[in-house]
Amino acid sequence: MRLEGTWDRGIPYGELRTRLLTLIQIARRQAQLGYKRARKRLANLYVLFIQLENAARVSEAYDAYLAYLETGQRKVWVRVRKHRRGQRQRLIIIPPDIPKPDKCPRPASLAAVEVFAQSIGLNTHTLRYARITDLAKRKVHPALLGKMTKHVNIKWLINYIQEREAEELLEQLVMGDAEEPRD
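Under the working numbering, think of the first position of the sequence shown as 51, with each following residue one higher.
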């Protein structure tokens, strides 16, 4: 289900996480068998997984992965590219599912990661918003989500979250899976 007016394709966070981890396992096995393309896929998958886990923009996840390869630090500060004013930064945490830097392949480019995502049927914005939706369902306050994800305007984030919740509530009400709201 694609949310009207957004790039989000509405794939649940848990489904995306499982899918990416499965693809990572397959690419790891193929890389161990000597498949050259598997290492490239693995680098791209690591960037996408970092993006998903941190509700980051793909450029932020890419920069964080490169910094991780250079420093070995799992807590990485990266520039928020969406902000035009100043040099705003955000924290990205490299998940424990990503091996030590000496075991990680280097991605070709940010564009290669984006093309790879499309080749496996994903839009990188879907990864960001799947995690945001997951955190909203866990009742993380929108102001905290906005700070964590570095949204320029929290109104956009709140509108997105409310739109998703409204659609889900309507479906539950019509299908008989929810109680009627009380006045």
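No residue lacks a Cβ here, since even glycine has one placed at the ideal position from N, Cα and C. These figures come from a predicted structure and were not determined experimentally.
For a test of your reading of the model: does the CB of residue i fall under 7 angstroms from any non-hydrogen atom of the ligand COA? Yes or no.
i, result
"R107", "The ligand COA is absent from the structure shown, which contains no ligands of any kind."
How is residue i classed by DSSP in three states: helix, strand or coil?
i, result
"V130", "coil"
"K90", "helix"
"K125", "strand"
"G196", "helix"
"Y85", "coil"
"D152", "helix"
"A106", "coil"
"V190", "coil"
"A167", "helix"
Kindly indicate which residue of the options has the alpha-carbon position closest to the one of residue i.
i, options, result
"Y179", "R131, V97 and L195", "L195"
"L141", "Q123, A167 and A88", "Q123"
"Q75", "I148, H175 and T174", "I148"
"R78", "N173, L95, G64 and P62", "L95"
"A105", "A117, R156, L83 and P145", "P145"
"L160", "Q82, Q80, R87 and V108", "V108"
"L71", "A114, G226, R91 and V165", "R91"
"D152", "L119, Q137 and Q80", "L119"
"L66", "T183, L83, T121 and A81", "T183"
"F99", "V163, R87 and V128", "V163"
Give the range of the beta strand (DSSP E) segment to which residue i is assigned.
i, result
"Q139", "Q139 to I143"
How far does the alpha helix (DSSP H) with residue i in it extend, from its first residue to its last?
i, result
"Q82", "Y63 to Q82"
"A158", "Where A158 is concerned, there is no enclosing alpha helix (DSSP H), given that its DSSP letter is neither H nor E."
"K187", "T174 to K187"
State the CB to CB distance for the pair residue i and residue j, rounded to an integer number of angstroms; the pair is presumed to be in contact (CB under 8 angstroms).
i, j, result
"V97", "A111", "5 angstroms"
"A93", "R138", "Contact doesn't hold; Cβ gap of about 26 angstroms is too wide."
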